[in-house]
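A short worksheet on the structure shown next.
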Amino acid sequence: MGKAVRKNALREIRGTFGRFFAIMAIIALGVGFFTGVRITTPAMVNTVNRFLDENQFYDYRLLSALGWKEEDIADFRSRSDVRYAEGAYSLDIITAGKNEYVMRLHSITENINGIKLVEGRMPQSSDECLIEAGKVSVGNRIYLSDDNSDTVKNALRHDMFNIVGSVDSSLYINFERGNSSVGNGEIRAFVYLPEDAFNLDVYTEAYVRFNQDYDIYSDEYDDYMDGREEQWEKIAQSRADLRFEEIYGEAEKKLDDGREELEKNRKDGREKLDEAKKGLDDGKAQLDEQLAQLEQIRDIMPEQYSSGMEQYNAALADYESGLSDYENSLVEFENQINDAEEELRNGENELAKLKKPDTYVLGRNTNIGYACFESDSDIVAQVARVFPVFFILVAALVCMTTMSRMVEEQRTQIGVLKALGYSEGTVMGKYMFYSGTAAVIGCVLGYGAGTYIFPKIIWKSYELMYLKLPIHYLFSEKLALIAILVSLVCSIGVTWFSCRIELAETAAALMRPKAPKAGKRVLLERVDFIWKRLKFLKKVSIRNIFRYKKRLFMMILGIGGCMALLLTGFGIKDSIAGFADTQYDEIQVADASAALRNVENEPPEDLLTVLNENTKNHTLLYTGAWDLLYGKRVKSVTINAVESFEDMDKYFVLRDMNGESIAPPVEGEAVVSHSIAERYGIEKGSTMRLRDENMRELNVKVTGIFENHVYNVVFMRKDTMETQLGEKLPLNYAFINFEEGADENLVSAEISKNSYIMQLLRFDVLKERLSKMMSSLDYIVLIVIICAAGLAFIVLYNLTNINITERVREIATIKVLGFFRRETSAYVLRENLALTAMGIAAGSVAGVFLHRFVMAQIKVDLVDFSVRILPVSFLYSVVLTFIFNFAVDLFMELKLERINMAESLKSIE
294 MGKAVRKNAL REIRGTFGRF FAIMAIIALG VGFFTGVRIT TPAMVNTVNR FLDENQFYDY
354 RLLSALGWKE EDIADFRSRS DVRYAEGAYS LDIITAGKNE YVMRLHSITE NINGIKLVEG
414 RMPQSSDECL IEAGKVSVGN RIYLSDDNSD TVKNALRHDM FNIVGSVDSS LYINFERGNS
474 SVGNGEIRAF VYLPEDAFNL DVYTEAYVRF NQDYDIYSDE YDDYMDGREE QWEKIAQSRA
534 DLRFEEIYGE AEKKLDDGRE ELEKNRKDGR EKLDEAKKGL DDGKAQLDEQ LAQLEQIRDI
594 MPEQYSSGME QYNAALADYE SGLSDYENSL VEFENQINDA EEELRNGENE LAKLKKPDTY
654 VLGRNTNIGY ACFESDSDIV AQVARVFPVF FILVAALVCM TTMSRMVEEQ RTQIGVLKAL
714 GYSEGTVMGK YMFYSGTAAV IGCVLGYGAG TYIFPKIIWK SYELMYLKLP IHYLFSEKLA
774 LIAILVSLVC SIGVTWFSCR IELAETAAAL MRPKAPKAGK RVLLERVDFI WKRLKFLKKV
834 SIRNIFRYKK RLFMMILGIG GCMALLLTGF GIKDSIAGFA DTQYDEIQVA DASAALRNVE
894 NEPPEDLLTV LNENTKNHTL LYTGAWDLLY GKRVKSVTIN AVESFEDMDK YFVLRDMNGE
954 SIAPPVEGEA VVSHSIAERY GIEKGSTMRL RDENMRELNV KVTGIFENHV YNVVFMRKDT
1014 METQLGEKLP LNYAFINFEE GADENLVSAE ISKNSYIMQL LRFDVLKERL SKMMSSLDYI
1074 VLIVIICAAG LAFIVLYNLT NINITERVRE IATIKVLGFF RRETSAYVLR ENLALTAMGI
1134 AAGSVAGVFL HRFVMAQIKV DLVDFSVRIL PVSFLYSVVL TFIFNFAVDL FMELKLERIN
1194 MAESLKSIE
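In terms of our numbering, the sequence shown opens at residue 294 and continues consecutively.
Put into structure tokens, the structure is as follows:
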């Protein structure tokens, strides 16, 4: 492209800056949205990856029923490719206080599974601890409850710990804390203690980090870990077997020593008893001899006889006492021997029952936070597959419309350039330079703004569930290259497509004005009773609308897209904001729940008394956190096991997604919430596997799927669990309804005073809290509305600008004919109003489907949203779309006012 043509192109940009800006803006909007949503998932993953990498998050967690000794850890550390291997302690406790909570204690490790200090300092003595950030203030204390078992109490060196700092942990990147077999099963917070705070002989778990730094969830990491699980299962089992043989050998030696000691004691005891018996027998013989001698002198020496008999009787009494002691000692000896033999037999039986321990090699996917973040972060990636395509399509059509109109307007100039000898490539280069410059500037601005703003705003909503980490800016060369290529295709590509037909004509043909587009009758003209009643100017507007079909299509697409985006945005808000009301007003209709402690199968009288006196009705049940096994992953779910479903609808309504009641499960069956069925492939009629932290498993048949929006819940009969587990389950939970008009604060306080009540939760308070939490998702709604406004404004401005430019002589003519300013504006902009209404109608249909798709991708853990768009959202979307239209019309009125009648009516020749 020569200097003169390049200078001409620059002048063209200055002279038609509105057109140039429209191309630049639509490219910036399309690229910004495309790159923003595309980079968000990688940026979020990169942020979490940095945190986990800095803290050396484990690759394998090793568990054994016998625990691990330091020699085992040293063996793990010596294996190839192992960067770090450390033993660790973990323990679940119940805290003392007004409300008793379950907390999980961890030992502070040196090189693996690091923690980030948020406030305070690290512990300096064994009675100091760190607690999860945001749970309990630094400076408070944690006391062990008396409800803890002796095993738990003996496992710790102190029963009170001072909180000296708060931390974030790489083991807990989201709000889920797993499950526990103590207390109510719900872990309130995690706590870190120095290793010497634990009084245990073996580590409860071991962590291994390999010598790799691959990104989380990457194919490289999966390839690296492929095949290692089987290898490490053998390693862990071999170390556990050694530990088993050591314990077995120690126990066997202890039994052998016991047998040897028993035989020795039996021999020594028997010898002592025999000696005592011999002494007694000798004494008896002497007494018998003495008695015989006394009998001989009985008549001869009566006085001596009497004296001798007294001595004899005293000696006989001593003998009988000694005999009694002997007999007692003999019985006691035999009992002791029998007890020792019984103890040995029991020991032998226990030793015979002793089996090799089970070991578990658990990868990262068994960490709930790690597993959930992979699926949750993919939500934006799923949405990114649809929205950007829509924006890029609109950008291409806007560029095509703009450049084709520009080329048509400058036919004469193109003809002159060709007549002067400029090649088609040079002439086309001018227009490619025009659109390409706009595209490059728009791409740079859009990429910079989109990749910076979108991840930050979307990450705000994820902070509801995950650690509040500062998101790092991520520049992707591949994405930038795709963005610039797409931008150039949408601009230069469509410019070439638009120009090639015009440039194919001869210079002479180009220098002649193009014949105006022929008018055509519209379908409405054939409906006489309507057409005849329309005014002339309205008939002109209707004909113009259908005369320019490209403009018609573009307006419907642009405005329809705006309407669809607005409906989607408001629909997201409706679906998210309303789930808490639906949950606690229609489904979980109980007023409150209570976590119970120390309650077995039969509830105590004083607990029943306080519940009967302060509630309208109540029901007791078992609840616990269990892991759902699906594939190689686990997901925490809440099991509610009830003794009877007879009055359950007073507390929890079991209905399907259509509002129809479902049949309660019988023994061996269960019903699951919709979120479990949809996300984890659980179908009606399938068998579901559940496992607790003690590796006990349940297998139940799923007979129903019920509507539920908060938590992943499973309902079954209590006897189903008791039969499979082989033990009775405690009643550790209660649903409660208060009396009508009761002061719920006072009643809750009164119930909480009972020693069997661990914690009471009112559902109206929880509903308010959830609603406030979900308000942060308004950021996403705001993004959608701003993008919709930008799309509508750019499309309306560009097409209206083109419409006015190509009809300037027509507009000048009606101004000469005496049309006032408002009449002129109405003549031209009335078409925009009609086209906006058509776009709204098309967008209303598209918006419903788009909203359904987006909601299918938004899967917030533990929450199942109801998919709905309220009527008021349709109203807001329509009103906003018309407001965008009126804003553009006001701006365009200035352009209409500046049209010079005399200049515009000059002959084109």
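All C-beta atoms in this analysis are idealised placements derived from N, C-alpha and C, irrespective of residue type, glycine included.
- Under the 8 angstroms Cβ criterion, the stretch 407-418 counts as touching the stretch 482-494, having at least three qualifying pairs.
- For residue 685, the closest of 320, 1167, 1112, 1077 by C-alpha to C-alpha distance is 320.
- Of the residues 898, 344, 918, 545, the one whose Cα lies closest to the Cα of residue 762 is 344.
- Residue 494 is not a Cβ neighbour of residue 649, given a cutoff of 7 angstroms.
- Assignment of residue 1091 by DSSP, reduced to helix, strand and coil, places it in the helix class.
- Contact between residue 1104 and residue 1176 is ruled out by a C-beta separation of about 25 angstroms, above the 8 angstroms threshold.
- The shortest C-alpha to C-alpha distance from residue 1043 to any of 969, 1078, 1134, 900 is the one to 900.
- Per DSSP, the continuous beta strand (DSSP E) segment holding residue 996 begins and ends at 990-999.
- When secondary structure is reduced to three states using DSSP, residue 405 falls in the coil class, being assigned neither helix nor strand.
- Cα atoms of residue 568 and residue 610: separation of roughly 20 angstroms, rounded to the nearest angstrom.
- Between the C-alpha atoms of residue 379 and residue 757 there is a straight-line separation of about 32 angstroms.
- Between the alpha carbons of residue 932 and residue 1170 lies a gap of roughly 42 angstroms.
- Within the model, the alpha-carbon separation for residue 576 versus residue 561 is close to 23 angstroms.
- For residue 1028, the enclosing beta strand (DSSP E) begins and ends at 1026-1030.
- In the structure shown, residue 481 adopts extended strand secondary structure according to DSSP, grouped into three states.
- Cβ neighbours of residue 800 within its own chain (closer than 6 angstroms, five residues either side excluded): 708, 711, 712.
- Within the model, the alpha-carbon separation for residue 615 versus residue 573 is close to 7 angstroms.
- For residue 445, the closest alpha carbon among the candidates 431, 432, 386 is that of 386.
- The beta-carbon separation of residue 369 and residue 482, rounded to 29 angstroms, does not stay under the 8 angstroms limit for a contact.
- With respect to the 7 angstroms criterion, residue 406 and residue 463 are classified as neighbours on the basis of their beta carbons.
- Counting along the chain, residue 854 sits inside the alpha helix (DSSP H) bounded by residues 842-870.
- Rounded to whole angstroms, the Cβ separation of residue 459 and residue 424 is 6 angstroms, and the two are in contact under 8 angstroms.
- At least 7 angstroms separates the beta-carbon of residue 1091 from that of residue 302.
- The beta carbons of residue 765 and residue 388 sit no closer together than 7 angstroms.
- Put simply, the backbone Cα of residue 839 is about 7 angstroms away from that of residue 815.
- In the three-state scheme derived from DSSP, where H, G and I count as helix and E and B as strand, residue 911 is classed as strand.
- Within the stretch 1105-1156, the runs of alpha helix (DSSP H) that reach at least 4 residues and sit entirely inside it are, in chain order, 1114-1150.
- It is roughly 7 angstroms from the alpha-carbon of residue 860 to the alpha-carbon of residue 1137.
- With the rule of 3 Cβ pairs closer than 8 angstroms, the stretch 894-909 counts as touching the stretch 1028-1040.
- Within the stretch 893-960, the alpha helix (DSSP H) runs of at least 4 residues that lie entirely inside it are, in chain order, 898-907.
- DSSP, reduced to helix, strand and coil, places residue 754 within a helical segment of the structure shown.
- Burial is judged here by how many other beta carbons sit within 10 angstroms of a residue's own beta carbon; residue 681 has at least 16 and is buried.
- Boundaries cannot be given for residue 783, as no beta strand (DSSP E) includes it and DSSP labels it neither H nor E.
- Excluding its 5 nearest sequence neighbours in each direction, residue 1014 has C-beta neighbours in its own chain below 8 angstroms: 915, 932, 934, 991, 1022, listed in chain order.
- Here residue 589 is exposed: its Cβ has fewer than 16 other Cβ atoms, across all protein chains shown, within 10 Å.
- Nearest to residue 1051 by C-alpha distance, out of 892, 1139, 326, 447, is 892.
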